[in-house]
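**Q** Under my numbering, the first residue of the sequence shown carries the number 1150, and numbering increases by one thereafter.
Handing you this structure, nothing more for now.
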Amino acid sequence: MPPKTVENYQTSNAVGIDFGTTQCCVAVIRRSGTDCVQLDSITYDRRTMPSYVAYDERNPKCGQIAVNRMRYFEKCTVFDCKRMLGKTYDEIAIDLSWPFITKKLADDSFQIVLKHSNKTIKLSPEEVSSSILKHIKAKVDEYQHKDLKEAVIAIPSAFTEKQKTALLTAAILAGWEEIHFIPEPIAAAFAYSTEKEFPDNSKLLLFDFGGGTVDVCIVNIASGNLQLLSFDGNYYLGGRDFDTLLYNHFDGILKHKYNIDVTAKGKKYLLLIKCQEIKHELSVMDKSW
């Protein structure tokens, strides 16, 4: 386990990235303590940034601004890129709420196809992910006043080697040079241990319920060391899946009861964002609307 007090760390430039399916955040360790870096000027109070990228301009726009601009640029906005990393076309689950197209290639890989004005933009999942990681790097470098090249990225415990390689490729494209991976539940345990101590000689069940996956680990704590005994995860049980269930539910009602086709009207994003708002409200309230 990491030392309880940050003063024991030998570096003040450690960078930890939570590259999430729906949200991203990043923290750095300074000698005075751990600080979260503001990634999004719109959602600064939440310390997180939506994992959305808009390609309607020469330089991609990441975060809440991409979400807000979907009203006008839905077909050139990408999200859920983490779920596509390291997968073939047949392995991805097409989401009806996606405003973009996925095109199968000859080698069973695929491209994300976007439309803007009269242009067609074709990107790989690694390229989209690199846009987010490049934005994160720029914000971290600005915060630390130096060009940092090394970072730790939390990943689902069941990430395959292909998925790790794809994420590493995206990070290198973004300007990072040395990347270390840590399972998300273990990262959560490390964060928890800085506030509270785990009993020695104990076995713990750790789980991380994220925007795209649920991860579970069983670990053993002995003499301050954490040993990973077993792990598993579900790639299609997360916050985004609740969004999809709500989206499909209301899409069906609108079509069959009110004869409204949000797909034909090009307004998928309106229904999707409203479903996310309902989900967030129901997380803290008994009723929504």
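Yeah, the Cβ is synthetic: ideal placement off N, Cα and C, and Gly gets one too.
Small disclaimer: the values here were computed from a predicted structure and weren't measured.
Following the continuous beta strand (DSSP E) through C1230, name the residue where it begins and the one where it ends.
**A** The sequence position of residue 1230 within the sequence shown is 81, counting from 1. Unbroken run through C1230: none, as it is neither H nor E.
**Q** Taking DSSP as the reference, what is the three-state secondary structure of Q1293?
**A** For the purposes of this step, residue 1293 is identified with residue 144 of the sequence shown, where counting begins at 1. Correct three-state label for Q1293: helix.
**Q** Considering Cα atoms alone, identify which of F1222, N1208 and C1366 is closest to N1267.
**A** Locating residue 1267 in the sequence shown gives position 118, counting from the first residue. Considering only alpha carbons, the answer is F1222.
**Q** In this structure, what does DSSP give as the bridge partners for H1405?
**A** Position 256 of the sequence shown holds residue 1405. The partner list for H1405 (beta bridge, DSSP) is empty, contrary to what the question assumes.
**Q** From this set, E1276, G1324 and L1263, which residue's C-alpha is nearest D1290's C-alpha?
**A** In the sequence shown, residue 1290 corresponds to position 141, counting from 1. Closest option to D1290, Cα to Cα, is G1324.
**Q** Fully enclosed by the segment 1298-1332, which alpha helix (DSSP H) runs are 4 residues long or longer?
**A** 1310-1322
**Q** Can you find at least 3 beta carbon pairs, one from the segment 1386-1396 and one from the segment 1413-1424, that sit closer than 8 Å?
**A** yes
**Q** Would you call the CB atoms of F1391 and I1370 closer than 7 Å?
**A** Numbered from its first residue, the sequence shown carries residue 1391 at position 242. Numbered from its first residue, the sequence shown carries residue 1370 at position 221. It is not a contact, given that the beta carbons lie outside the stated cut-off.
**Q** Look at the alpha carbon of Y1418 and the alpha carbon of K1288, and state the distance between them as a whole number of angstroms.
**A** Here residue 1418 corresponds to residue number 269 of the sequence shown, with the count starting at 1. Here residue 1288 corresponds to residue number 139 of the sequence shown, with the count starting at 1. Rounded to the nearest angstrom, the two C-alpha atoms are 27 Å apart.
**Q** Can you check which of these residues, S1246, G1165 and S1190, is closest to D1184 by C-alpha distance?
**A** Along the sequence shown, one-based indexing puts residue 1184 at 35. Residue G1165 is the option with its Cα nearest to D1184.
**Q** The alpha helix (DSSP H) with A1215 in it runs from where to where?
**A** Mapped onto the sequence shown, residue 1215 falls at position 66. Unbroken alpha helix (DSSP H) run through A1215: Q1213 to N1217.
**Q** Where does the unbroken beta strand (DSSP E) through I1520 begin, and where does it stop?
**A** Absent from the structure is residue 1520, since the part of the chain shown begins at 1150 and ends at 1438.
**Q** What separation, rounded to the nearest whole angstrom, lies between the Cα atoms of W1242 and Q1293?
**A** To locate residue 1242, count along the sequence shown from 1; it is residue 93. To locate residue 1293, count along the sequence shown from 1; it is residue 144. Going by the sequence as given, residue 1242 is Ala instead of Trp. So the alpha carbons of these two residues sit roughly 39 Å apart.
**Q** Give a yes or no on whether the C-beta atoms belonging to S1224 and P1248 are separated by under 7 Å.
**A** The sequence position of residue 1224 within the sequence shown is 75, counting from 1. The sequence position of residue 1248 within the sequence shown is 99, counting from 1. The amino acid occupying residue 1224 in the given sequence is Lys; Ser does not appear at that position. Yes; because the gap between Cβ atoms is below 7 Å, this pair is in contact.
**Q** Tell me the DSSP bridge mates of R1179?
**A** Working through the sequence shown from its first residue, we reach residue 1179 at position 30. R1179 pairs with G1182.
**Q** Any contact of the segment 1334-1343 with the segment 1308-1316, i.e. 3+ C-beta pairs under 8 Å?
**A** no
**Q** Alpha carbon to alpha carbon, how far is M1219 from V1277? Give it in angstroms, no decimals.
**A** The residue you call residue 1277 lines up with position 128 of the sequence shown. The residue you call residue 1219 lines up with position 70 of the sequence shown. Those two C-alpha atoms are separated by around 16 Å.
**Q** State yes or no: is the C-beta of E1333 within less than 7 Å of the C-beta of P1305?
**A** In the sequence shown, the residue the question calls residue 1333 occupies position 184. In the sequence shown, the residue the question calls residue 1305 occupies position 156. Yes, the Cβ-Cβ distance between E1333 and P1305 is below 7 Å.
**Q** If you follow the beta strand (DSSP E) that K1423 is in, where does it begin and where does it stop?
**A** Within the sequence shown, numbered from 1, the residue matching residue 1423 stands at position 274. Run containing K1423: none in the beta strand (DSSP E); it sits in the alpha helix (DSSP H), K1417 to V1433.
**Q** In chain order, what residues of the same chain lie with their CB nearer than 8 Å to the CB of K1428, ignoring the 5 residues before and after it?
**A** Taking the first residue of the sequence shown as position 1, residue 1428 is located at position 279. Excluding sequence neighbours, K1428 sits near G1388, F1391, D1392 and L1395.
**Q** By the 10 Å Cβ neighbour count, where 16 or more other Cβ atoms means buried, how is G1235 classified, buried or exposed?
**A** Numbered from its first residue, the sequence shown carries residue 1235 at position 86. Answer is buried; the Cβ neighbour count reaches 16.
**Q** Which residues in the same chain have their Cβ closer than 7 Å to the Cβ of K1283, if we skip the five residues on either side of it in sequence?
**A** Indexing the sequence shown from 1 puts residue 1283 at position 134. Result list for K1283: A1323 and G1324, in chain order.
**Q** L1272: buried (16+ other C-beta within 10 angstroms of its C-beta) or exposed?
**A** One-based indexing of the sequence shown puts residue 1272 at position 123. Result: buried.
**Q** Indicate whether Q1213 and D1189 have their beta-carbon atoms separated by less than 7 Å.
**A** Residue mapping note: residue 1213 aligns to position 64 of the sequence shown, counting from 1. Residue mapping note: residue 1189 aligns to position 40 of the sequence shown, counting from 1. Their beta carbons are under 7 Å apart, which means Q1213 touches D1189 by this criterion.
**Q** Tell me the rounded alpha-carbon separation between D1257 and E1240.
**A** Numbered from 1 along the sequence shown, position 108 holds the residue referred to as residue 1257. Numbered from 1 along the sequence shown, position 91 holds the residue referred to as residue 1240. In a straight line, the C-alpha of D1257 is about 10 Å away from that of E1240.
**Q** T1170 and A1203: beta carbons closer than 7 Å?
**A** Counted from its first residue, the sequence shown places residue 1170 at position 21. Counted from its first residue, the sequence shown places residue 1203 at position 54. Not in contact: T1170 and A1203 (Cβ atoms no closer than 7 Å).
**Q** How far does the beta strand (DSSP E) with D1167 in it extend, from its first residue to its last?
**A** On the sequence shown, position 18 is the one that residue 1167 refers to. Taken as a continuous stretch (DSSP letters only), the beta strand (DSSP E) holding D1167 covers A1163 to F1168.
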